[in-house]
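Here is the structure we will look at.
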Amino acid sequence: MKNEVKEHVISMLVNNRPGVLARVAGVFGRLGYNIESLCVAETISPKVSRITSVSKADPAFTEKVKKQLNRLVDVISVAELEDDTSAKREMMLIGITIDEKNRPELSRAITMFGCTVISMKDSYCILQVVGNRGDVETVLNFLTPLGVKDIARTGAVALESGA
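Right under this line is the structure:
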């Protein structure tokens, strides 16, 4: 379907100056476009930052957002990243209570999902999971019944393949 609502990943290169992110977010807000995830960091040039946003909308609406973003003074480039031509990853930190009952299942999950142990105390650990959104959600869904107490996650970071 042409006007089907789906996830869109927009990658922008912007001048690394105060206020640029606020102006970019303002475009999304003015158009009623909800940002599901947002990541911003310097590129290899400290004068340029990459903003990666993930939102759900139909293609026509996403085009409208891209045109508005391109009009901003400090925006260098705007590109929509497609699944088949880009690499996307998310990172999640998961804080989980450890007890004798869940320790074997937690150990199995760490091995099975390739989690990185960031911190391990007697009764609490923090795990790191990196992958696509589905992979990260799968790990969280598996661990939640074991005693997840808190999570922190990045939004998607993405690059065009071969870029």
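Just so we're on the same page, our numbering is the position in the sequence shown counted from 1, plus 350.
Ideal placement from N, C-alpha and C gives every residue a C-beta, glycine not left out.
In this text, all values refer to a predicted model and were calculated from it rather than measured experimentally.
{"Asked": "Residues bridged to Thr447 (per DSSP)", "Found": "Tyr474"}
{"Asked": "Nearest residue (CA-CA) to Ala506, options Lys414, Gly512, Lys499 and Val480", "Found": "Val480"}
{"Asked": "Separation of Leu496 from Asn452, as counted between CA atoms", "Found": "6 Å"}
{"Asked": "Pairwise C-alpha distance: Thr461 and Ala391", "Found": "31 Å"}
{"Asked": "Cross-strand partners of Ile401 (DSSP beta bridge)", "Found": "Met362 and Val390"}
{"Asked": "Short Cβ contact (8 Å threshold) for Ala429 with Ser361", "Found": "yes"}
{"Asked": "Proximity of Thr402 and Val374 at Cβ, strictly below 8 Å", "Found": "no"}
{"Asked": "Leu509 versus Lys438: straight-line alpha-carbon distance, rounded", "Found": "7 Å"}
{"Asked": "According to DSSP, residues forming a beta bridge with Lys356", "Found": "Ala407"}
{"Asked": "8 Å Cβ shell around Val355 - same chain, five flanking residues per side excluded", "Found": "Lys406, Ala407 and Asp408"}
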